[in-house]
Amino acid sequence: MSKAEMAREQEYVSRLYRRLDGLREQTAARLADVLRHSDGTAQGRWDREAAASRYTQRLARLTAAERGLCFGRLDFRDGPSRYIGRIGLPAEDAADDPDAEPLLLDWRAPAARPFYLATAVAPQGVHRRRHIRTQGRRVIDLNDELLDARREDADAPQIGEAALLAALEADRSGRMRDIVATIQAEQDAVIRSGHRGVLVVEGGPGTGKTVVALHRAAYLLYTHRDLLARRGVLIVGPNRTFLRYIEEVLPALGETGVLATTIGELFPGVRADGTEPPQVAEIKGRAMMAEVVAAAVKDRQWVPREALRIETEQGLVLHLDRATCERAREAARRSRLPHNRARPIVVRHILDALARQAADRLNAGILVPEVLADLEPGERVDDLFDAEDVAAIRRELAGDPAVHAALERLWPVLTPQRLLADLYSCPDRLASAAPGLSRAERESLLRDPSAPWTPADVPLLDEAAELLGADDRAARARAEAERRRRIAYAQGVLDVTFGSRSTDLDDDAEAALTAGDLVDAAALADRHEEPDPRTAAERAAADRTWAFGHIVVDEAQELSPMAWRLLLRRCPARWMTVVGDPAQTGGAGGVWSWAQVLDACVPGRWRLERLTVNYRTPAEFMDLAAAVRAELTGEDLRPPAAVRHAGSPPWLAQVPAGELPARLSALVAAELAALGGGHLAVVTPAALREELAGALGASTGPGEEADLRERLVVLTAGGVKGLEFDSVLVVEPARILAEGAQGPNDLFVALTRATKRMGIVHTGEHPLPAALTRLPSPPQILSAAR
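Under full-length UniProt numbering, think of the first position of the sequence shown as 1, with each following residue one higher.
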């Protein structure tokens, strides 16, 4: 590109940054002004907080746009050129001329779409598409595509091929980058899909499923900001390492109002950091466990076989017979209220019966023999206790410890944690609630009540919470009393305002409106209610019943049926973006077919979109992974078409079994040296991870956690899912195969994480798939490390 053209673009990009700086200064000044001023009232504080939140979010979006502010230009055959960037920037005189052409179009705006869709076959009026590469605020490269040559080439190159390949070949940083400048046509179709049900995005390794889903979230926040800013967007990932890997994508696109979490973190107040065997997690994830939890709740709604003896503090002995308890239970169940909310019905029935019985007992004790002797034949003594007396007896019984203990046996107040802990610790409870499980399966669920919760427990806790509910009558009563107090105070303010008018008013002044004419006490009280300063994401994280506007689920093929139930409860509108690949399913309870899950949950409301182009994984690595999986499973997997080659073939190194840690350490050192500034992942069987990480000096966190900013990480096949690295060393692939519930899928994942270099290291103790045995030895630079 000529120096004159580079200078021309530099001048325009500099103008854009001057406009960005001006808008940032303006927004920062408005934020500071809002924070300085308030009229001291609750309404004033509310207005200030709302404005401060609005300006803070705007400032965050303007700040996030700093890196790569402008990345493209469209030249049309007819009409002005348009620059495309991370955000939209209005013209300097936009305040005076609302129709002024914006300086920069937001990539999500409809007018920007030809940047991603225009081709030589269908140019959409575009003469030239220019890709602008910047470093900081400096233009460093321009790449033009002429689209009006009228070529009838169905196999036209990828859109922005030079810019795309430059992005793909860059060193990894341990954090996912956005692809806003290089979105391809099939990706754009998914990002902008108008489907309002469950959109399933399926694609093989390297097709960009995750980053497409995140850009879709940013697009939906742009097009449905009012709804989604209020209800929030939930991002669900497989583990914390993965969430840290993607954490910079949405902020880089100017969107920060999302909650990113895992299934194991979706029950407020529970830290599900325990571990358990995969087969136990699979049992907990089965759809039938919803029936087990429901049965466990019903089992706690107890009816005694024999009459229940209750001795009160006053020494009165009462009895609850089975029929009375059954009537109370049936009345509660007929209400269809959750367990805890139905408890007052049981309490009412039982206390009524006990109070009547106590009155009868006391009445009988008062009628002494002398009184009875004076009665004529057939004459009766009226009950000495009237309704008020019985009510007093009832209130006394309600506070009696023995009565309270009986009610706790008949219909206890339960938390989800108590219900599951009791279920897991009692063989008899498990046998009653889960007759459909085998004895061995039930025994595998047994655990100490103090054991930590696991991620597979969270959907069961959530299920229990739905069935148990919470008796919130006391909280609602307190809230109503507080509201009445505020209304009374507001009425007093209005009365004082009205009474303080001057007595010297003329007739016209008498007719003037007062505060009481404009607002009543209830409205005034509502306006001065203290606002909740938390963001939607913060409120959602603390509220199990929060209904999100949209949910994005990554690695969705790993979700169990119980996890799907949890997520669908979090999104009553059933508006979700679900991404995954059944060929990469690692868990025994994962998805084999999207229809298998979604036809039952959202019949007729889900759509499948497939991504067919592999941008990350070089063709050599993808072909090897597909051949290995086909050999192991017999399935004819058609891998996505790779857009590039690595230039260095995958290699195989065999080392003596007793020397694996030392030899691997040497290979890692040589590989890091060959990589320069890139990142290396060592993928090992779970049984070897701690040992090899220690030998390599790599830190490991709890579970599958790792710091991806380190140049070297050691992960299992499950922990590496969804990630990418410049180089990958797969250690003992035969043991990876044998270890997982879906071994061929786990190995397929491990073999598709590298973007530049890949090696296989094994000891020869276990036979390898034939496709791996045909690999060449390591390149010369690594041979000395063997």
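Backbone N, C-alpha and C fix where the C-beta goes; we use that ideal spot for every residue, glycine too.
Check: Coil, strand or helix - V690 by DSSP; Outcome: What sits at residue 690 in the sequence shown is Glu, not Val. Correct three-state label for E690: helix.
Check: I140 burial status per 10 Å Cβ neighbour count (16 or more: buried); Outcome: exposed
Check: Reduced DSSP category for A433 - H, G, I as helix; E, B as strand; rest coil; Outcome: helix
Check: Rounded separation between T56 and Q187 - CA only; Outcome: 31 Å
Check: For W651, three-class secondary structure by DSSP; Outcome: strand
Check: Cross-strand partners of A260 (DSSP beta bridge); Outcome: I235
Check: Integer-rounded CB distance, given that E705 should sit under 8 Å from R240; Outcome: 5 Å
Check: Residue burial classification, S593 (beta-carbon count within 10 angstroms, cutoff 16); Outcome: exposed
Check: Stretch pair the region 224–242 + the region 91–100: three plus CB contacts closer than 8 Å; Outcome: no
Check: Distance, A353 Cα to D428 Cα; Outcome: 31 Å
Check: Residue range of the unbroken beta strand (DSSP E) whose run includes Y83; Outcome: 82–85
Check: Host alpha helix (DSSP H) of V292 (start-end); Outcome: 289–299
Check: Environment of D135 [buried if 16+ CB atoms lie within 10 Å]; Outcome: According to the sequence as given, residue 135 is Gln; it is not Asp. Exposed, by the Cβ-count rule.
Check: Supposed close pair G203, D581 - CB separation, criterion 8 Å; Outcome: 6 Å
Check: Segment limits, beta strand (DSSP E) that includes S727; Outcome: 725–731
Check: According to DSSP, residues forming a beta bridge with C70; Outcome: G85
Check: Span of the beta strand (DSSP E) around G580; Outcome: 576–580
Check: Close-in-space but distant-in-sequence residues of the same chain around R216 (CB under 7 Å, 5 per side omitted); Outcome: V190, I191, T577
Check: Three-state class that DSSP yields for G315 in the structure shown; Outcome: coil
Check: Limits of the unbroken beta strand (DSSP E) element including I132; Outcome: 126–135
Check: Proximity of L712 and A698 at Cβ, strictly below 7 Å; Outcome: yes
Check: Segment contact flag, the region 120–129 with the region 73–86, C-beta cutoff 8 Å, min 3 pairs; Outcome: yes
Check: Within the region 175–243, ranges of the alpha helix (DSSP H) (whole runs, at least 4 residues); Outcome: 185–191, 209–223, 225–231
Check: Cβ distance (whole Å) where L692 is taken to contact L664 below 8 Å; Outcome: 6 Å
Check: Sequence-distant residues of its chain with Cβ nearer than 8 Å to A307 (five each side left out); Outcome: H319, L320, D321, R322
Check: Contacting residues, own chain, Cβ-Cβ under 8 Å from A627 (five flanking each side not counted); Outcome: A771
Check: Among A167, V198, V200, nearest to Q184 - alpha-carbon criterion; Outcome: A167
Check: Start-to-end residues for the beta strand (DSSP E) that takes in D144; Outcome: 138–146
Check: Cβ neighbour criterion (16 or more within 10 Å) applied to M562; Outcome: buried
Check: Rounded straight-line distance, which links the Cα of T585 to that of S560; Outcome: 11 Å
Check: Span of the alpha helix (DSSP H), counted from its first residue to its last, around T324; Outcome: 322–334
Check: Own chain partners of T210 with C-beta closer than 8 Å, once the 5 adjacent residues on each side are dropped; Outcome: M176, I246, D554, V579, G722
Check: Which listed residue (V347, G208, L221, R244) has its alpha carbon closest to that of residue 789; Outcome: Nothing in the structure corresponds to residue 789, since the chain is present only between 1 and 786.
Check: Under the three-state DSSP convention, the category T415 falls into; Outcome: coil
Check: Three-state secondary structure assigned by DSSP to P776; Outcome: coil
Check: Endpoints, the alpha helix (DSSP H) within which A29 is located; Outcome: 3–36
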